[in-house]
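K.L.:
What follows is a structure written as structure tokens; I'll ask about it next.
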Amino acid sequence: MHSFLLQIFDYLNTIILIYFVITNGTYTVLMVLSLYTVTLHSRYASRRSYYAQLAESPVTPPVALVVPAFNEQDAIVATVLSLMDLQYSEKEIIVVDDGSTDSTVQRLIEQFGLLKMDLIYRPVLAAKPVTAFYHNPRYPELIVLSKENGGKPDAVNVGINMARSSYFCTVDADSIIEREALLRLIAPVLQSNVNTVVSGGVVRIANGCTIQDGRITEVDLPGSWLERCQVIEYIRTFLFGRPAWSLLNATFITSGAFCLLHKETVIAAGGLSTDTVTEDIDLVATLHQYLRTNKRKYRMVFTTDPICWTECPRTIGMFARQRRRWQLGLMQTVMKHNEMIFNPRYGGLGMLSIPFHAYIEAIGCLVEAMGTILVPFSFLIGAMPLALFILIMTLAVGYGTLLSLGSVLLEETTLRRYPGMRHLLILIAFAVIENFGYRQMVSFFRAQGVLRYITGLRKWETVVHKGVGGSMALAEHES
Amino acid sequence: MILLEDLTRFVLWLLFTILTVNMLFLTFVMYRRLARKRYYAVKDSARDRYQHVIAKFLRGELEVSQTASLLEEATSQPEQDALEEMLLNAPPEQRARISELLFALGNVERWARTAFGYRRGRTFVQRAFRGDAPLGTGPANRWNPILRLRFFSVPRAIAIERLGSLTPLLATYFSTEALADPAFEVQRTAIGVLGRHRVPAAIPQLVKELQRAVEQASDLSLRSVKAALVSYRIDDLPWFLPVLEHPNSRVRFFLVDAIREICLHAARTLPLNKNDFSQPFYELFLDQMSADTSADVRARSAAVIGYFRDQRAAQVLRRLLTDENEFVRLHATRACADRLFATLVPDLLRRLEDPKWRVRESAARALRAMDRDGFDELLRLFIATTDRYTADQIIDEIQRSGTVEDVVSSLVPGNADFALAEAVCRKMVQMGKTSLLLNALASSGVPDEARAVMMDAIALAPPPEFYPLLQALSQHESALGFKAASVMSASAVRRAAVGGADA
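In order, the protein sequence lines correspond to chains A and B. Counting from 23, one number per residue, gives the positions in the first sequence under our numbering. Counting from 3, one number per residue, gives the positions in the second sequence under our numbering.
See below:
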């Protein structure tokens, strides 16, 4: 019996090791590609006054900024102020209040002197009814809509219905957008000779930063280890995963916190759907499917220099809920679009990107979580010698550090949003520290998300933000 | 089965590699931070050292050769960058002397070599300074696919950007050559430089690139080419005449659209009229472009014709307002948003009943923009129309533009526009568009007489929010308070009567 168990552990450890090699091999390739693309992009972009020209150019198309907001009374005014301050010639700001029960709308009315109006609303995408429109002719670009609660995708659909511009940009209500960010996001659209339907940008964590009148006046790192680890994680995700997939024209994930989309295409594809909890990932997959099925030429890009600052969870409880939800959403999306997996009709997306996201990002966390338990357990029951155990653990930490340090390197060579030497040293330190507990914790939360999908427990968990600098409260309800 | 010793060896090897790369990354991160610090220190010091030399040169106190000899010791990258920044930030009228200086310093040749290769770079510099026409051959080995890689194309694009800071003629020469580059980044930079310098001689080249983009025979986007074309100024429009009769209708469309943007830009600083355009240009648009076989061309022509602002233009716009294509009608209505086209008010009013809402919307906007005459006609049509879509469109425009305030302020008895304002108010109530009226009713900034009139109007079809508001107003010991109380009681009687009838 003992030898049988040892045999089983041997097999499982081999699986874990193979998974480790494949996963990290893929990450290494992605990192190399990202280093290449991000460095060149930054070198090219930094030399030119291109964005200043774009700001003035009549060729730059108008963009509607759609801000779905549910109980965002503490963050909404700063977000709208940051959007009004954007360096962009023609923009609409459409705040969609998704049936908030707090003073979200009231705060906007007071800040911008909005008046209730009875405006024309022409729904193209199905959504919950709009109950009120607020506008002030002094701020012609701003419109606030109130609607019955229907969730974020429903609110975005209402925003799309109200938008007049050919492009729209989704912005989370707790986000601060840098002044040039929208120009940076539209630049690839203008440069492309095929229809660019999605343009995604970098999102950073605002915890720790000083915000005044909707602008980040001082960039700093947050104080707690959890938030600092998330800073490293965001840098890693945005600087070396997504640029590489974009280079391979196989973008599968863009952050809904700040993403530019082609309105007509989104409408033609049916808008945002409410059947997954991560509507942004689902929308990208739906667009791929729609465009490939209809044999349209298109492009989805990820640009590394737009910057949107957002709030991250401060407590482990909220963090766990966020990660479970993301993982559940990823599972739902890859399963919903599973006919794209290893489907040559979808090119690099079907053969590389979606399999990577399905098997490594979505399901892989189960292996990761299993490894986190099994490797030490194997050692404890004597199935693994001490030397190998130490080697494997050192390898895991070493490789995790490599990926994170690589991201810090990318940050340092390109965006340099963290100016002080102190910031750099903290980032380097946390590139190492996050491997001792944080990553394992993330694996467990993600595994929980997958298990929720498997067991059919589709719990919708929402993180209610209290504004950057404030605390966050959590609401949980079954869907 | 994997043997434990093999596994251990493999893991050890992997671990060694990973730790080495980690150390490399760490070293590089720290190196980058320190190198940047040093870079800026050297750059700042170079700026301090050379700014008086450059100031003297710009004032004409130093010759090119003298300045070059004083600056030639600045050889490191930060020093070169500092010099470049100072020189390129100088006023545009100094560009010729700065170009000479950059040539004397060897920068021009260095950039040209980076952009086009060693020999071709030198040849192009000689040709450019001689004033020869571009050869259009691009860089050496341009068929080599490796040149398309970003790793190689980004330095070339940066070199073209730098060459683009020379005099317009030199910059145009190098950019035209760079358009033959296989990498789209270089082409995009080159087209941007061409647009920035607005050399009329480059227009045919831009049109050629436009045609290639339209036919999808180029990596350049249509928007990149269009951005270059719209950089031209209204004085440059005669140069567009020969190309406006291009056989490709899509090319014609983009050209007319670019001209529309140029006019729009010019009109922001000074209102345009037909005298701002050459006679052949004026005639071409009124006679030919407005009757083009392509609806897109006709649509954009309407916008350009709007800037002529005379009776002939009005006649052509009247025809375009009834064009079979909705986009032509749309652009024509937009072009009419000018009080000098007051004769077109009846035509615009008809467009408010257009089957396409975008046309209705722009007609409402155009009428509102036509001062008092257009706006009053808009209000009269709002009162008179039985078409729900037309009325909706007008009231949407009135609300968004803030003109409800004007309507409310005219509600004071004795005001010349009282009857019109009151009728508008009643129509709004009939349509259920009462939000702004309720807001005005609640506002103490609105005269009491106007609020009283609004009370009567809203009482005709009161929304649920009306009664609490009346209740609140009736608490005031004033004429308005009594009025509110009487409207409340009248409404109560009416509701009771309706309730009784229903029962």
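Note that CB positions come from ideal geometry on N, CA and C, so glycine has one too.
Determine, using beta carbons only, whether residue 139 (chain A) comes closer than 8 Å to chain B.
P.N.:
By this cut-off, residue 139 (chain A) is an interface position.
K.L.:
Using the Cα positions of residue 474 (chain A) and residue 468 (chain B), report the straight-line distance between them to the nearest angstrom.
P.N.:
Approximately 50 Å, taken between the alpha carbons.
K.L.:
For a minimum of 4 consecutive residues, which ranges assigned as the alpha helix (DSSP H) are wholly contained in the segment 84-154 of chain B?
P.N.:
Those alpha helix (DSSP H) runs which fall completely within the segment 84-154 of chain B and span 4+ residues are 97-106, 109-118 and 120-132.
K.L.:
If we count Cβ pairs, one from each stretch, closer than 8 Å, do we get three or more for the segment 107-118 of chain A versus the segment 132-141 of chain A?
P.N.:
Because the criterion of three Cβ pairs below 8 Å is not met, the segment 107-118 of chain A and the segment 132-141 of chain A do not touch.
K.L.:
Out of B:449, B:407 and B:230, which has the shortest C-alpha to C-alpha gap to residue 82 (chain A)?
P.N.:
Of the listed residues, the one whose Cα sits closest to residue 82 (chain A) is B:230.
K.L.:
So, for residue 461 (chain A): in the same chain, excluding its five sequence neighbours on each side, which residues have a beta-carbon less than 8 Å away from its beta-carbon?
P.N.:
Here the set comprises 422.
K.L.:
Can you give me, in chain order, the residues of the segment 200-226 of chain A that have a beta carbon less than 7 Å from any beta carbon in chain B?
P.N.:
Cβ contacts with chain B come from 212, 213, 214 and 215.
K.L.:
Mind reading off the beta-carbon distance from residue 326 (chain A) to residue 436 (chain A)? Whole number of angstroms is fine, and I expect it under 8 Å.
P.N.:
The Cβ separation is near 6 Å, so the contact holds.
K.L.:
Distance check for residue 27 (chain B) and residue 502 (chain A), CA to CA, integer angstroms please.
P.N.:
Chain A is shown only over 23 to 501; residue 502 (chain A) falls outside these bounds and no answer can be derived.
K.L.:
Please check the pair residue 392 (chain B) and residue 346 (chain B), which I expect to be a contact at CB under 8 Å, by giving their CB distance rounded to whole angstroms.
P.N.:
Actually they are not in contact, since the Cβ atoms of residue 392 (chain B) and residue 346 (chain B) sit about 17 Å apart, beyond 8 Å.
K.L.:
Rounded to the nearest angstrom, how far is the Cβ of residue 31 (chain A) from that of residue 405 (chain A), given a contact under 8 Å?
P.N.:
About 4 Å separates the two Cβ atoms, so the contact holds.
K.L.:
Spell out whether any CB of chain A is found under 8 Å from the CB atom of residue 45 (chain B).
P.N.:
With 8 Å as the cut-off, residue 45 (chain B) does not count as an interface residue toward chain A.
K.L.:
By the criterion of Cβ-Cβ separation under 8 Å, what are the contact partners of residue 65 (chain A) in chain B?
P.N.:
Ordered by position in chain B, the residues that pass the 8 Å Cβ test against residue 65 (chain A) are 156 and 160.
K.L.:
Where in the segment 112-141 of chain A do unbroken runs of the beta strand (DSSP E), each at least 3 residues long, occur, reported from the N-terminal end onward?
P.N.:
Complete beta strand (DSSP E) runs here, min 3: 113-119 and 137-139.
K.L.:
Kindly say whether residue 99 (chain A), judged by its beta-carbon, lies nearer than 8 Å to any beta-carbon of chain B.
P.N.:
For residue 99 (chain A), the answer is no, since every Cβ of chain B falls outside 8 Å of its Cβ.
K.L.:
Distance check for residue 375 (chain B) and residue 409 (chain B), CA to CA, integer angstroms please.
P.N.:
Residue 409 (chain B) and residue 375 (chain B): Cα-Cα distance of roughly 15 Å.
K.L.:
Would you kindly check if the distance between the Cβ of residue 300 (chain B) and the Cβ of residue 325 (chain B) is under 8 Å?
P.N.:
Taking 8 Å as the Cβ cut-off, residue 325 (chain B) and residue 300 (chain B) qualify as a contacting pair.
K.L.:
Let me know if residue 498 (chain A) comes out buried or exposed under the rule of 16 or more other beta-carbons within 10 Å of its beta-carbon.
P.N.:
The predicted model places residue 498 (chain A) with a pLDDT of 36, which falls under 50 and marks its position as unreliable; any figure quoted below should be read in that light. Exposed, by the Cβ-count rule.
K.L.:
Among B:183, B:65, B:29 and B:87, which has the Cα closest to the Cα of residue 117 (chain B)?
P.N.:
Checking every option, the nearest Cα to that of residue 117 (chain B) belongs to B:183.
K.L.:
Using DSSP bridges, identify the partner residues of residue 222 (chain A).
P.N.:
Answer by DSSP bridge pairing, in chain order: A:281 and A:324.
K.L.:
Kindly say whether residue 10 (chain B), judged by its beta-carbon, lies nearer than 8 Å to any beta-carbon of chain A.
P.N.:
Interface residue, yes.
K.L.:
With residue 315 (chain B) and residue 288 (chain B) assumed to form a contact (beta carbons below 8 Å), what rounded beta-carbon distance in angstroms separates them?
P.N.:
So it is a contact: roughly 7 Å between Cβ atoms.
K.L.:
Helix, strand or coil for residue 241 (chain A), going by three-state DSSP, please let me know.
P.N.:
Residue 241 (chain A) falls in the coil class under three-state DSSP.
K.L.:
Once you ignore the five residues that flank residue 56 (chain A) on each side, which residues in its own chain have a CB closer than 6 Å to its CB?
P.N.:
Closer than 6 Å at the Cβ level, and outside the excluded window around residue 56 (chain A), lie 262, 265 and 266.
K.L.:
With a threshold of 8 Å between beta carbons, is residue 376 (chain B) in contact with chain A?
P.N.:
No, residue 376 (chain B) lies away from the interface with chain A (no Cβ there is under 8 Å from its Cβ).
K.L.:
Quick check: the Cα distance between residue 380 (chain B) and residue 369 (chain B), rounded to an integer number of angstroms?
P.N.:
Roughly 6 Å separates the two Cα atoms.
K.L.:
So residue 258 (chain A) packs on residue 439 (chain A), CB below 8 Å; how close in whole Å?
P.N.:
Contact doesn't hold; Cβ gap of about 14 Å is too wide.
K.L.:
Where in the segment 307-351 of chain B do unbroken runs of the beta strand (DSSP E), each at least 3 residues long, occur, reported from the N-terminal end onward?
P.N.:
Runs of the beta strand (DSSP E) inside the segment 307-351 of chain B: none found.
K.L.:
What does residue 394 (chain B) touch in chain A if you count any residue whose Cβ is under 8 Å from its own?
P.N.:
The contacting residues are 142.
K.L.:
Start and end of the beta strand (DSSP E) containing residue 90 (chain A)?
P.N.:
It spans 85-91 - the beta strand (DSSP E) in which residue 90 (chain A) sits, taken as one unbroken run.
K.L.:
Leaving aside the five residues before and after residue 209 (chain B) along the sequence, list all residues of the same chain whose C-beta is less than 6 Å from its C-beta, in chain order.
P.N.:
Here the set comprises 245.
K.L.:
Keeping to the same chain, check which residues put their C-beta closer than 8 Å to that of residue 424 (chain B); ignore five residues upstream and five downstream.
P.N.:
So the qualifying residues of the chain are 413, 455 and 459.
K.L.:
Taking only three categories from DSSP, how would you classify residue 436 (chain A)?
P.N.:
Reduced to three states, the DSSP call for residue 436 (chain A) is coil.
K.L.:
Does the beta carbon of residue 434 (chain A) come closer than 8 Å to any beta carbon on chain B?
P.N.:
Yes, its Cβ sits closer than 8 Å to a Cβ of chain B.
K.L.:
In the DSSP output, which residue or residues are listed as bridge partners for residue 157 (chain A)?
P.N.:
A:137 and A:165.
K.L.:
Assign residue 46 (chain A) to one of three DSSP states: helix, strand, or coil.
P.N.:
Here residue 46 (chain A) sits in helix by DSSP.
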